[in-house]
Amino acid sequence: MPASMPRTMFDKMWDAHFVARRLDGREMIYVDRHVLHDLHAPHAFEKLESTGRAVRRPDLTCSMQDHTVATKPGRDETTNPDGAQFQRAMREGSRRNGIRLFDLDDPEQGISHVVAPELGLVLPGATHAVPDSHACTVGGLGALGLGCGTSELEHILVTQTIALKRPKNLRIALTGQLGPYVGAKDVALRILALHGTSFGRGNAIEYAGPVASDLSIEARMTLCNLTIEMGARSGFIAPDEKTYAYLAGLPYVPRGAEWEAALAQWSLVPGDPDAVFDTELSVDCTGLGPQITWGTDQAQTISVDEAVPSLGVAEARSKTERALAYMGLEPGQPVLGVKVDRVFIGSCTNARLSDLRAAAALIRGKSVAPGLVALVVPGSTSVKRAAESEGLDRIFKDAGFLWGESGCSMCAGGNGDRGLPMERIVSTTNRNFEGRQGKAVRTHLASPEVAAASAIAGFIADPRRI
Amino acid sequence: MQPFISVSGAAIPLLEDDVNTDQIAPIPTKRSLKPDLRDVFFHRARRLADDTLDPAHVLNQPRFAAASIFVTGRNFGCGSSREGAVWTMLAVGIVCIVARSIADLYRENCLQNGVLPVELPDDVMDDFEKRVLAADGGEPFTIDLRTQTISGPGGPDIRFEISEADRTRLLEGLDDIGMSLRHEQAISDWEARMRANSPWLQKAVRQNSGSTETVS
Ligand code: SF4
Numbered sequence: 013m014p015a016s017m018p019r020t021m022f023d024k025m026w027d028a029h030f031v032a033r034r035l036d037g038r039e040m041i042y043v044d045r046h047v048l049h050d051l052h053a054p055h056a057f058e059k060l061e062s063t064g065r066a067v068r069r070p071d072l073t074c075s076m077q078d079h080t081v082a083t084k085p086g087r088d089e090t091t092n093p094d095g096a097q098f099q100r101a102m103r104e105g106s107r108r109n110g111i112r113l114f115d116l117d118d119p120e121q122g123i124s125h126v127v128a129p130e131l132g133l134v135l136p137g138a139t140h141a142v143p144d145s146h147a148c149t150v151g152g153l154g155a156l157g158l159g160c161g162t163s164e165l166e167h168i169l170v171t172q173t174i175a176l177k178r179p180k181n182l183r184i185a186l187t188g189q190l191g192p193y194v195g196a197k198d199v200a201l202r203i204l205a206l207h208g209t210s211f212g213r214g215n216a217i218e219y220a221g222p223v224a225s226d227l228s229i230e231a232r233m234t235l236c237n238l239t240i241e242m243g244a245r246s247g248f249i250a251p252d253e254k255t256y257a258y259l260a261g262l263p264y265v266p267r268g269a270e271w272e273a274a275l276a277q278w279s280l281v282p283g284d285p286d287a288v289f290d291t292e293l294s295v296d297c298t299g300l301g302p303q304i305t306w307g308t309d310q311a312q313t314i315s316v317d318e319a320v321p322s323l324g325v326a327e328a329r330s331k332t333e334r335a336l337a338y339m340g341l342e343p344g345q346p347v348l349g350v351k352v353d354r355v356f357i358g359s360c361t362n363a364r365l366s367d368l369r370a371a372a373a374l375i376r377g378k379s380v381a382p383g384l385v386a387l388v389v390p391g392s393t394s395v396k397r398a399a400e401s402e403g404l405d406r407i408f409k410d411a412g413f414l415w416g417e418s419g420c421s422m423c424a425g426g427n428g429d430r431g432l433p434m435e436r437i438v439s440t441t442n443r444n445f446e447g448r449q450g451k452a453v454r455t456h457l458a459s460p461e462v463a464a465a466s467a468i469a470g471f472i473a474d475p476r477r478i
Numbered sequence: 313m314q315p316f317i318s319v320s321g322a323a324i325p326l327l328e329d330d331v332n333t334d335q336i337a338p339i340p341t342k343r344s345l346k347p348d349l350r351d352v353f354f355h356r357a358r359r360l361a362d363d364t365l366d367p368a369h370v371l372n373q374p375r376f377a378a379a380s381i382f383v384t385g386r387n388f389g390c391g392s393s394r395e396g397a398v399w400t401m402l403a404v405g406i407v408c409i410v411a412r413s414i415a416d417l418y419r420e421n422c423l424q425n426g427v428l429p430v431e432l433p434d435d436v437m438d439d440f441e442k443r444v445l446a447a448d449g450g451e452p453f454t455i456d457l458r459t460q461t462i463s464g465p466g467g468p469d470i471r472f473e474i475s476e477a478d479r480t481r482l483l484e485g486l487d488d489i490g491m492s493l494r495h496e497q498a499i500s501d502w503e504a505r506m507r508a509n510s511p512w513l514q515k516a517v518r519q520n521s522g523s524t525e526t527v528s
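Chains A and B, in that order, are what the protein sequence lines are. Under the working numbering, residue 478 is the last one in the first sequence; the count climbs by one each step, no gaps. Under the working numbering, residue 528 is the last one in the second sequence; the count climbs by one each step, no gaps.
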C-alpha cells in the first residue's frame, strides 16, 4: 500500500509491527508485550522443554497467576488444591525461562487484562498478546490486543511474533449520549443484541463516535473487552488526551524525554480522517437503558425493563425455546422481578475501580437480600488496595457482600468458585454460556449497577429505580 | 505436525449454531494439568442431569464412535481461545470440521493441530446436512484436501474452498514455528529498528517480583 494512501488506525498498528510475510501467506506481527497465565502457559512451557526451543524475549514477557487462584482471604496454594499444580508449573516455567512472575502474593497480581493497563505495560499503538480471548480489553488504551491459543503462545515465546492473516477493518460509530446508570457494558450488550455474536469475524473493530470518546479509559476497556463476543479478535478506541492522562507516570510508561517522544508517536496512531473501512456500522445510544442478557449467548439481550421474547419468530424459535428453558424463563415474561440467587461483581470486564465505585454507590447503607449470596472480586490486587483505601470494601461487607482476593474467580469458575445447579446469577462477566459458571447455572450478564441493584432487591432490578 | 491429505469416515451431525468452546471442552470441575480429553469432549452436553451419559445424545451413539468428520452449523467454536477445544476433537478421532462458519480463533487452532476446517455456503450445506443425516454414521464420507472435494453417499461430489496458504500448510504438515524461524533475521532487524525509534517498547519487564520499575 503506498504511504500516501489514507490508513485506518488498525492499518497503522499492523504495518508498524509487520516483520515478514511467511511462505503460507501469513504476516508475522511483532508482539511488544506478551502476558502468560496459569491456565495455558504450563502446556507451552512443557512443549518448549521437549522441543529444546528457547524463549526469545523473556524480558518482554511476564506471567500472571489469575485463572486458577483462590479468592478466599489468606489464600495460598492449598486453598484451591486443583489450581496448585497449574500455579506451580507456572512458577517453575517462569523461573526456568527468566520470565517475571506476578505470583499469588505479589502486590500487583490480578487478572492480566486488568493489571497490564494499570502498570502501563500496554501503550497506544503497541501490540499486546495473551493466550486468552479477552486480550482485546487493552484496546481501551488504543493498543492492538491479540488473544491467542496455546500453539500460538508457544510461537510467540520462540519468535516474539504472531503469524496472522491480515484482518479487515470494521468501524462501529456510537452516536448519542448515555443516560445515568448506563455505561460501556450496556453499549456492548446492545451492539451484540443488534448485530449478533459473529459479525466481527475476520475483522478488527474500531469503536468511534461521541459515546466512545466520552467513555472513561476504564469504561473503554469494558467495551473493548466484549469485542471477542462479537467474533473479532481485536477492538480498540483511538488514543486521545484521556489516554495520555491515564498513562502518565505509570510504572512501565516512558518518562522524561522518552515520554515526549512517545507522545509524538502516539498522536500519529489514530486513523486518517478519510481512511476507508470494509464495514461501517452505526449504533445510536440515545435512550439506551441498562441491558441484561436473558439467554445463553450475549446477543440474547434486552433492556432490563423489557420482557424476554415470545416464541413468534419461526427462524429463531428452537434456539429461543432452548435458551428460555435452560434459563427457567417463560416466553414473554418481563425480567424485572425474577428472583436471583447469587450476584457476582468481578472479571476483566467489570472489576476495575470505577466499576466497584459504581456498585458501591448503589449499595451504601443497604443490605443484600436475605438468602442471596453476593461476591465482589476486584480485578487486581491494586484495585483491591485502592478500593480499601476509599472504604469501598466496608460498604460491600457491611451490606453482606463477600470481598475476595483478586483473580478470575466465577467468570469461568477455573478456581472452583461456581454457582450451584439451577441457581440464577446476575454477573458482571462476559459469557453467559450454558454451564460457564457451573453446571446448569443460569447466568445473566449485566453492568455492576444492575448487579448491585439486583443484589439488594433479591431479584433482577433496574438501578434507575433503586 | 501431521500432514492432512484426506480422511474417510463417518460424519457426526451436531446441527446447531454458535457451539462455543465451553461446550466443546468445558473446564472440568476437577482440574488437572493432564485431563482425559476424551472425557472432556462435550462433557456436559453428553450427560443427563444426574451426570450419567445421555443415551439419546448424538455424540454418545456407538455408530459415531469412530467418526472422523464433524458436521455443524454457524460460528462453531466461538468463545474462549482454549486450544483444548481442538485437542478434545482430536482425542476422539475427529480430524475435519465441516461447518456453515467457524470462529476465527477456533479455526486458527484447527490449523495449528492439522485439523481441516471446511466452511460451506448455506445452500451447499443444506444439501450436505441431509446426506449426512441420511447416512447416519453408516456409509463413510471422504474429504480430500488435494482435490478439495467431499464425496460420499447420497449425491455428487462437493467442492469446498480453502485458501492456498492454509491448504499448503495442512497438506505439507508445515511446522508453524519452523516457518517463522526462517525469518529470524527480519525479526532481529525489526528489533534493532525499534530500539532506535521507540526504545521504550524494547525495555524489559524487571525480573524480581514486587518491583515495577523498568530497566534498559
Ligand atoms: S476474568 Fe474471565 S474472561 Fe477475563 S481473563 Fe479471567 S477467565 Fe478470561
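The C-beta atom is built at its ideal place from N, Cα and C for all residues, glycine as well. Since the structure is predicted, the reported quantities are computational estimates derived from the model, not experimental observations.
Partners in chain A for residue i, counting only beta-carbon separations shorter than 7 Å
i, result
"Met491(B)", "Arg34, Leu35, Asp36"
"Arg481(B)", "Asp36"
Chain B contact for residue i (CB, 9 Å cutoff)
i, result
"Lys331(A)", "yes"
"Lys254(A)", "no"
"Lys3(A)", "For residue 3(A) there is no data in the structure shown, the boundaries of chain A being 13 and 478."
"Met422(A)", "no"
"Ser439(A)", "no"
"Gly243(A)", "yes"
"Arg112(A)", "yes"
"Met40(A)", "yes"
"Asp44(A)", "yes"
"Gly344(A)", "no"
"Arg68(A)", "yes"
Test: residue i CB closer than 9 Å to a CB of chain A
i, result
"Gln519(B)", "With a pLDDT of only 46 at Gln519(B), under 50, the local geometry of the prediction cannot be trusted, and the value read off the model is given with reservation. By this cut-off, Gln519(B) is an interface position."
"His369(B)", "no"
"Glu525(B)", "Low per-residue confidence applies at Glu525(B): pLDDT is 41, beneath 50, and the placement is therefore not dependable enough to give any value."
"Gly522(B)", "Summary for Gly522(B): the model assigns pLDDT 40, below 50, so the residue's position carries little reliability, and this model does not support an answer."
"Gln305(B)", "This structure does not reach residue 305(B), given that chain B is present from 313 up to 528, and the question cannot be answered."
"Gln335(B)", "yes"
"Arg458(B)", "no"
DSSP bridge partner residues for residue i (one or two, in chain order)
i, result
"Trp271(A)", "Beta-bridge pairing links Trp271(A) to no other residue."
"Phe114(A)", "Met76(A)"
"Ala40(A)", "With the sequence shown as reference, residue 40(A) is identified as Met, and Ala is not the correct amino acid for it. Note: Met40(A) sits in a beta bridge opposite Ala32(A), Ala175(A)."
"Trp415(A)", "Val388(A)"
"Ile414(B)", "Phe388(B)"
"Asp296(A)", "Thr187(A)"
"Ser320(B)", "Thr454(B)"
"His249(A)", "First, the residue type needs correcting, since residue 249(A) is Ile and not His in the sequence shown. Paired residue(s): none; Ile249(A) is not in a bridge."
Residue i: contacting residues in chain B (beta-carbon distance under 9 Å)
i, result
"Cys74(A)", "Val517"
Candidates the options: closest to residue i by CA position
i, options, result
"Thr187(A)", "Ala220(A), Ala28(A), Ala473(A)", "Ala220(A)"
"Ser125(A)", "Ala53(A), Asn237(A), Phe22(A)", "Position check: residue 125(A) holds His in this sequence, whereas Ser was assumed. Here the closest residue by C-alpha is Asn237(A)."
"Ala155(A)", "Val31(A), Phe22(A), Asn109(A)", "Phe22(A)"
"Asn509(B)", "Ala216(A), Ala250(A), Ala273(A), Ser225(A)", "Ala273(A)"
"Lys24(A)", "Trp278(A), Lys451(A), Tyr264(A)", "Trp278(A)"
"Gln97(A)", "Pro347(B), Pro511(B), Ile474(B)", "Pro347(B)"
"Asp410(A)", "Lys59(A), Cys420(A), Arg376(A), Gly391(A)", "Arg376(A)"
"Ala147(A)", "Met102(A), Ala276(A), Thr239(A)", "Thr239(A)"
"Ser75(A)", "Lys59(A), Val127(A), Ile217(A), Gly214(A)", "Val127(A)"
"Ala205(A)", "Ala465(A), Leu365(A), Phe114(A), Leu457(A)", "Leu457(A)"
"Phe356(A)", "Leu116(A), Pro460(A), Tyr258(A), Glu89(A)", "Pro460(A)"
Near ligand 3: residue i beta-carbon under 8 Å from a heavy atom
i, result
"Asp284(A)", "What this structure holds is ligand 1, not ligand 3."
Closer than 8 Å at the beta carbon, the chain A residues around residue i
i, result
"Leu486(B)", "Leu35, Asp36"
"Pro338(B)", "Gly447"
Under 9 Å by beta carbon: chain A residues contacting residue i
i, result
"Pro511(B)", "Pro266, Glu270, Ala273"
"Ala477(B)", "Arg34, Leu35, Asp36, Gly37, Arg38, Lys177"
Chain B contact residues for residue i, given Cβ-Cβ distances below 8 Å
i, result
"Ser210(A)", "Asp330, Arg386, Asn387, Cys390, Ser413, Ala415"
"Phe98(A)", "Arg343, Leu345"
Under 7 Å from the C-beta of residue i: neighbouring residues of chain B
i, result
"Gln172(A)", "Ile499"
Listed from N- to C-terminal order along the chain, which residues in the segment 135-166 of chain A have their beta-carbon within a distance smaller than 8 Å of any beta-carbon of chain B? Of all residues in the segment 135-166 of chain A, Leu135, Ala138, Pro143, Asp144, Ser145, Gly159, Cys160, Gly161, Thr162, Ser163, Glu164, Glu166 have a Cβ within less than 8 Å of some Cβ in chain B.
The segment 343-359 of chain B: which residues have C-beta closer than 7 Å to a C-beta of chain A, in chain order? Those residues of the segment 343-359 of chain B that come within reach of chain A (Cβ to Cβ, closer than 7 Å) are Arg343, Leu345, Arg356.
Below 7 Å between beta carbons is the criterion; list the residues of the segment 265-299 of chain A that meet it against any residue of chain B, in chain order. Within the segment 265-299 of chain A, those residues whose Cβ lies closer than 7 Å to any Cβ of chain B are, in chain order, Pro266, Glu270, Ala274, Gln277.
Contact set between the segment 408-434 of chain B and chain A, restricted to residues whose Cβ is under 8 Å from the partner: Taking 8 Å as the Cβ-Cβ cut-off against chain A, the residues of the segment 408-434 of chain B that qualify are Ser413, Ala415, Asp416, Leu417, Glu420, Asn421, Gln424, Asn425.
Identify each residue in the segment 448-467 of chain A for which the Cβ-Cβ distance to at least one residue of chain B is less than 8 Å, and report them in chain order. For the segment 448-467 of chain A, the set of residues with a beta-carbon nearer than 8 Å to any beta-carbon of chain B comprises Arg448, Lys451, Ala452, in chain order.
Residues in the segment 373-403 of chain A with C-beta within 8 Å of chain B's C-beta atoms, listed in sequence order? For the segment 373-403 of chain A, the set of positions with a beta-carbon nearer than 8 Å to some beta-carbon of chain B is empty.
With 8 Å as the limit, tell me which residues of the segment 438-449 of chain B have their beta carbon closer than that to any beta carbon of chain A; keep them in chain order. Flagged: no residues at all.
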